[in-house]
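K.L.:
Count the sequence shown with the numbering used here and you get residues 652 to 977, in order.
Below: one structure in structure tokens.
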Amino acid sequence: MLLQLFLATLPQPPSRTSVRPTALLDWLAARGGGWSVDVSDQTPSGSRGLLTTRPAETGAVLLEVPLSATLMDAPTDDEAVEDAALLPQLSPPWSRGLPAATQLSLSVLSRRRSDGWAAFLASWPAESPSLAVSCEPDELRALLAASADPGIRRLGTDGEELASLSAESCAHVSSLYAAARDAAEAAYCSGSLPSEASFRRVYGLVSSRCLVLTTRAHGRRTLLVPLLDFANHEAEPAAFFSFAAATASGPAIRLQAARPLSAGEEVTISYGGHSREHFALHYGFAPADGGVEAAYPSLDAISLPEMQGWADRQWDWQAGAWAVEG
């Protein structure tokens, strides 16, 4: 399955077949969301992603998701957040203070059978794209050796470096699970803790699809945003995400056009300026436009990725890891 996932990310002839996730869109609409994008099973980038449904000018809102329809981490006790009481408290109370991706993984696991979140979570893939977290060294070596990219193949043939990387990755996730177990036991809630295998699988999904935003009212939050997580990576993306403090449905996350877009054009975002090896290991694909010198990832490379918000350069905005409004 993981090998099929990796090979499926190699460039394929583009197709524009619509695969509208009807249940997800109905769920989002019922919560006040709006969009002018469609989900396609074969975008120009070769994988499932988002396409515009009509022309859009620079700055046009392509997707708006109310904050109440997202999953997010909880502020820490010493974090100055003006409206902390208004934030959706969705992670288990005993997980407060754990790393953001750990909180979100536990939140997803506690809601995977909940009617209130089933449509969102059912839109996720069955397998984690994070190869470094989910593969044993031998399996990881085979996956990387199958790549047509010489730099990625080199990583796959370096057995000692690869074994070290895989061990670090597995140890890192195991340490996160151990911290969660300690927190649950301290709160006498160990019965609600999922298995480490379940945590590891969901952690790979969460850490490869969450985004980070900082706002004046809500502090620095890590979120899982429905429909936006279908957007594929591009070094010069077609869109950026931002926070809107006041909309008809309350605070919301927006996906906005970074440049003029035509109908049917792919809506991409940037996952960050990582090496192609990093993308292959932690996102399950290796973009041709990685744009940075290849390097062996270290333990730092498997920390929570911050997908970057972007703004059109003609506005003289500074591209950064988050956008602030309100």
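Idealized CB from N, CA, C, for every residue including glycine.
Around the Cβ of S826, are there at least 16 other Cβ atoms within 10 angstroms (buried) or fewer (exposed)?
P.N.:
Flag for S826 reads exposed.
K.L.:
Helix, strand or coil: which one does DSSP assign to L875?
P.N.:
In this structure, L875 counts as strand in the three-state DSSP scheme.
K.L.:
Consult DSSP for E778 and reduce its assignment to one of helix, strand or coil.
P.N.:
Of the three classes helix, strand and coil, the one that applies to E778 here is coil, per DSSP.
K.L.:
Pair every Cβ in the stretch 700–714 with every Cβ in the stretch 866–882, then say whether three or more of these pairs are closer than 8 Å.
P.N.:
Taking 8 Å as the limit for Cβ pairs, the verdict is that the stretch 866–882 does touch the stretch 700–714.
K.L.:
Quick one: Cα of P744 to Cα of H823, how far?
P.N.:
In a straight line, the C-alpha of P744 is about 23 Å away from that of H823.
K.L.:
Which residue or residues does DSSP assign as beta-bridge partners of E715?
P.N.:
Partner(s): G685 and R905.
K.L.:
Is Y922 near H884, with beta carbons less than 8 Å apart?
P.N.:
Contact: yes.
K.L.:
Give me the residue from V918, G924 and G870 with the minimum Cα distance to D689.
P.N.:
Ranking the options by Cα distance to D689, first place goes to V918.
K.L.:
Can the beta-carbon of C861 be found closer than 8 Å to that of A725?
P.N.:
Contact: no.
K.L.:
For the alpha helix (DSSP H) containing S858, name the first residue and the last one.
P.N.:
Where S858 is concerned, the enclosing alpha helix (DSSP H) stretches over E847 to S858.
K.L.:
Quick check: what's the CA-CA separation for A777 versus T709?
P.N.:
For A777 and T709, the distance between alpha carbons rounds to 35 Å.
K.L.:
Would R682 and S742 be called neighbours here (beta carbons separated by less than 8 Å)?
P.N.:
Going by C-beta atoms, R682 is not nearer than 8 Å to S742.
K.L.:
DSSP puts F894 in a beta bridge; with which residues?
P.N.:
Paired residues: I904.
K.L.:
Run through the DSSP bridge pairs and tell me what G924 is partnered with.
P.N.:
Answer is none; G924 lacks a bridge partner.
K.L.:
Name the residue from Q693, A797 and L722 whose alpha carbon lies nearest to the alpha carbon of R762.
P.N.:
When only C-alpha atoms are compared, the closest one is L722.
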